[in-house]
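Student: Numbering (the numbering used here), first residue to last: 1 to 631.
Glycine is no exception: its CB is placed at the ideal position from the N, C-alpha and C atoms.
(1) Give me the Cβ distance between residue 471 and residue 387, rounded to the nearest whole Å; I'm assuming they're in contact under 8 Å.
(2) Which term fits residue 283, buried or exposed, when burial requires 16 or more other beta carbons within 10 angstroms of its beta carbon?
(3) Ordered along the chain, which non-local residues of its own chain (more than five positions away) have a Cβ less than 8 Å from that of residue 50?
(4) How long is the line joining the alpha carbons of residue 299 and residue 598, rounded to whole angstroms?
(5) Do residue 242 and residue 41 have their C-beta atoms within less than 8 Å of each other?
(6) Evaluate contact between the stretch 477-490 and the stretch 82-97, counting only Cβ atoms and requiring at least three cross-stretch pairs below 8 Å.
(7) Quick check: residue 288 and residue 413, are their CB atoms within less than 8 Å of each other?
(8) Are the beta-carbon atoms of residue 228 and residue 132 separated by less than 8 Å?
(9) Tell me the DSSP secondary structure of residue 619 in three-state form.
(10) Less than 8 Å between the beta carbons of residue 431 and residue 394, yes or no?
(11) Give me whichever residues DSSP pairs with residue 398 in a beta bridge.
(12) From this set, 177, 212, 263, 560, which residue's C-alpha is nearest residue 476's C-alpha?
(13) Tell me the start and end of each unbroken alpha helix (DSSP H) in the stretch 204-249 that is at least 4 residues and wholly inside, in chain order.
(14) Determine, using beta carbons only, whether residue 516 comes closer than 8 Å to chain B.
(15) I'd like to check one pair, residue 568 with residue 626: are the Cβ atoms closer than 8 Å?
(16) Quick check on this structure: which residue in 515, 615, 384 has the alpha carbon closest to the alpha carbon of residue 544?
(17) Within the chosen definition, does the stretch 309-327 reach the stretch 249-268 through at least 3 CB pairs nearer than 8 Å?
(18) Between the alpha carbons of residue 209 and residue 189, how many angstroms are there, rounded?
(19) Output the boundary residues of the alpha helix (DSSP H) element that contains residue 612.
(20) For the stretch 333-345 and the stretch 574-590, state whether three or more C-beta atom pairs, one from each stretch, are separated by less than 8 Å.
(21) Check each candidate in 593, 360, 613 and name the one with the smallest Cα separation from residue 600.
(22) Just to confirm before moving on: does the CB-CB distance between residue 239 and residue 246 stay below 8 Å?
(23) Using three-state DSSP, classify residue 3 as helix, strand or coil.
(24) Taking only the alpha-carbon atoms, compute the straight-line gap between residue 536 and residue 119 and give it to the nearest angstrom.
(25) Among all the DSSP beta bridges, which residues are the ones paired with residue 316?
(26) Tell me the DSSP secondary structure of residue 257 in three-state form.
(27) How is the beta strand (DSSP E) around residue 441 delimited, first residue to last?
(28) At 4 residues or longer, and completely inside the stretch 494-545: list those alpha helix (DSSP H) runs for me, N to C.
(29) Skipping 5 residues on each side, what residues in its chain have a beta carbon closer than 6 Å to that of residue 57?
(30) Any idea if residue 140 is buried or exposed, counting beta-carbon neighbours within 10 angstroms, 16 or more meaning buried?
(31) Run through the stretch 271-299 for me and flag every whole beta strand (DSSP E) of 3 or more residues, listed as ranges in chain order.
(32) Mark residue 622 as exposed unless 16 or more other C-beta atoms lie within 10 angstroms of its C-beta, in which case mark it buried.
(33) Using a Cβ distance threshold of 8 Å, determine whether the stretch 499-516 contacts the stretch 214-224, with at least three qualifying pairs required.
(34) For residue 122, does the three-state DSSP call read helix, strand or coil?
(35) Would you give the residue range spanned by the alpha helix (DSSP H) that residue 392 belongs to?
(36) Let me make sure I understand the geometry here. Which of 173, 206, 129, 161 has the alpha-carbon closest to that of residue 192?
So this is what it looks like as structure tokens:
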């Protein structure tokens with residue numbers, strides 16, 4: 001026992017030393033109260049009648065009672081630094097010399113490799129969970145939106161299918177990505193199709209005209225609230241609800257599947273009119289098999305919870321059952337995201353240091369909600385730093401049996417984009433789910449899987465698209481400032497020359513940047529930050545680490561309904577909160593798929609202390625704590 005205590009103390013001392021030597025030196029707390037009131041445009045707040053409700057609203061309104069519009073859907077992203085537009089209003093940024101920046105496609109294949117290396121510790125579930133998080137908090141709004149689900153009309157607007165410039169009628173300007181003559185893959189192409197995101201100016205929002213810099217709109221709520229399942233308005237919610245028993249809609253075919261979409265042509269790539277295309281609260285739910293699989297898991301979990309609550313509380317009506325099941329589902333999701341998933345990316349001790357997670361006992365509350373914290377999604381996070389984790393994408397989904405034998409067949413990522421029907425065939429849903437919890441995710445390095453780099457969204461053209469080039473171009477579209485500015489913002493020394501970048505980027509990579517960019521002041525945030533050496537116990541370098549932690553800090557502490565907050569009108573009881581803290585990704589999979597065994601920590605490979613065990617041996621949230629004792 002004494003030796004174990006000495007080892008623990010030694011580890012704690014060494015860890016504190018690691019943190020002290022870490023290059024991370026930034027302020028995470030940013031409060032807006034007392035400076036000036038946040039101006040949330042595009043929302044008529046006078047129509048927002050806030051009550052101190054038990055349940056969060058569907059559209060994100062009234063979470064912050066001081067400013068009811070903060071975090072609502074169809075409101076602008078926030079920024080850490082002022083927008084960088086060439087005309088200071090909307091046009092794409094240029095070099096400090098005034099010339100054009102290097103093509104995003106050129107940067108994609110010159111600065112980033114195409115090898116795929118598996119991460120030695122983490123499963124593919126990590127990358128897929130990250131996509132759930134980003135879809136839950138961000139949806140850029142393209143033009144051609146249609147009705148309740150904000151569907152994008154899938155038409156070419158900038159380039160033809162053959163890569164020729166072709167600007168069609170569109171209310172939103174295009175920004176086609178130039179393809180260099182020497183391109184090794186897009187041969188004989190002039191450009192790659194790319195349309196710009198909708199801004200407050202496009203919507204004619206009051207106060208957004210003239211010389212005010214353009215701010216893009218977020219089509220979903222800014223909170224971690226599983227809106228990708230429930231929708232972002234009362235109308236969207238009713239579209240996916242059964243409106244009986246608290247259930248979400250499902251269709252039966254051997255298992256409970258989401259309902260068939262009534263507008264499949266907008267949601268999916270259909271080979272035949274009867275092809276499967278699911279209806280979710282978010283129009284992107286069919287995008288890839290991993291995302292669809294997790295969306296189905298959360299849908300089934302909601303209905304499982306509603307069913308158990310109804311058995312205990314037969315006097316509860318549909319609305320109460322729906323809201324309570326939704327509330328529990330969101331709480332479990334928030335707990336897993338912060339306490340099980342995030343530490344893999346940023347380090348458990350670092351998460352505690354910046355008070356993103358806490359060591360609590362049982363049903364102890366963490367009352368860290370602050371109405372002066374702006375919880376909105378950050379431009380730099382959603383359209384630069386968090387997109388770096390696209391490097392973790394694997395180009396195929398392994399099919400894994402109950403004994404964890406990998407089947408020879410694998411499902412190619414791009415072949416099944418917007419084509420989810422294969423999941424209903426021959427128990428493939430269960431095999432894909434086991435695969436995500438077994439297969440290595442891609443190493444977070446300077447490589448991008450070729451499926452994402454050259455074949456993404458293959459159905460939209462003859463050659464597919466380049467996700468990495470899209471990410472770089474999207475950052476420019478949204479006016480993200482340059483890498484050097486964020487170095488300084490995050491407490492690093494501002495580079496005055498190329499040589500100054502070698503403090504966190506290798507000499508070889510600095511020389512590569514020098515060949516690609518005209519000036520060291522031109523480097524895109526997504527490119528420069530990706531080259532930084534990773535911080536200890538982190539999958540990113542200091543600049544990305546800084547921005548990502550600020551985002552997860554703000555969306556936690558700025559959410560009045562965050563599951564651990566006891567300072568709300570109707571918090572979870574201590575007994576209920578203690579149960580929420582038993583949730584795990586492993587149990588979530590076990591309860592909602594035909595799976596008999598799973599490792600305790602599903603984000604890590606099953607081996608050693610994390611070997612497979614029967615699902616019945618995993619901790620489970622006891623919903624009996626929600627039995628209404630009045631009856």
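Tutor: Looking at the atomic coordinates:
(1) For a cut-off of 8 Å, the C-beta gap from residue 471 to residue 387 is around 4 Å, short enough to register as a contact.
(2) By the neighbour-count criterion, in which a residue is buried when 16 or more other Cβ atoms sit within 10 angstroms of its Cβ, residue 283 is buried.
(3) Setting aside the 5 residues that flank it on each side, residue 50 is surrounded in the same chain by 61, 62, 65, 68, each with a C-beta closer than 8 Å to its C-beta; the list follows chain order.
(4) Cα atoms of residue 299 and residue 598: separation of roughly 20 Å, rounded to the nearest angstrom.
(5) 8 Å or more divides the Cβ of residue 242 from the Cβ of residue 41.
(6) Yes, the stretch 477-490 touches the stretch 82-97.
(7) Pairing residue 288 with residue 413 gives a Cβ-Cβ distance under 8 Å.
(8) With respect to the 8 Å criterion, residue 228 and residue 132 are classified as neighbours on the basis of their beta carbons.
(9) When DSSP states are grouped into helix, strand and coil, residue 619 belongs to the coil group.
(10) Contact: no.
(11) Residue pairing by DSSP places residue 398 opposite 410 in a beta bridge.
(12) Of the candidates 177, 212, 263, 560, the residue whose Cα lies closest to the Cα of residue 476 is 177.
(13) 227-230, 234-240, all fully within the stretch 204-249.
(14) Considering every chain present, this structure includes no chain B. It has just one protein chain.
(15) No. Outside cutoff.
(16) Answer by Cα proximity: 384.
(17) Judged by Cβ distances under 8 Å, the stretch 309-327 makes no contact with the stretch 249-268, as fewer than three pairs qualify.
(18) Looking at the two C-alpha atoms, the distance is approximately 36 Å.
(19) Not the alpha helix (DSSP H): residue 612 falls in the beta strand (DSSP E), residues 612-614.
(20) Yes, since at least three Cβ pairs between the stretch 333-345 and the stretch 574-590 fall closer than 8 Å, the two stretches touch.
(21) Of the listed residues, the one whose Cα sits closest to residue 600 is 613.
(22) Residue 246 sits away from residue 239, with the two beta carbons spaced by 8 Å or more.
(23) Note that residue 3 has pLDDT 48, beneath the 50 cutoff, so the model's placement of it is unreliable and the number below is only indicative. The three-state reading of DSSP puts residue 3 in helix, counting H, G and I together.
(24) Distance from the CA of residue 536 to the CA of residue 119, rounded to the nearest whole angstrom, comes to 16 Å.
(25) Under DSSP, no beta-bridge partner is assigned to residue 316.
(26) Reduced to three states, the DSSP call for residue 257 is strand.
(27) Annotation for residue 441: the continuous beta strand (DSSP E) segment containing it runs 440-442.
(28) Contiguous alpha helix (DSSP H) elements confined to the stretch 494-545 occur at 507-516, 525-530, taking only those with 4 or more residues.
(29) So the list is empty, once near-sequence residues are dropped.
(30) The residue in question, residue 140, is buried, as its Cβ has 16 or more Cβ neighbours within 10 Å.
(31) Scanning the stretch 271-299 for uninterrupted beta strand (DSSP E) segments of 3 residues or longer gives nothing; none is fully contained.
(32) Residue 622 is exposed by the Cβ-count criterion.
(33) By the criterion of at least three beta-carbon pairs nearer than 8 Å, the stretch 499-516 is not in contact with the stretch 214-224.
(34) Secondary structure of residue 122 (DSSP, three-state): strand.
(35) Segment: none, residue 392 is in no alpha helix (DSSP H) and carries neither H nor E.
(36) Sorting 173, 206, 129, 161 by C-alpha distance to the C-alpha of residue 192 places 161 at the top.
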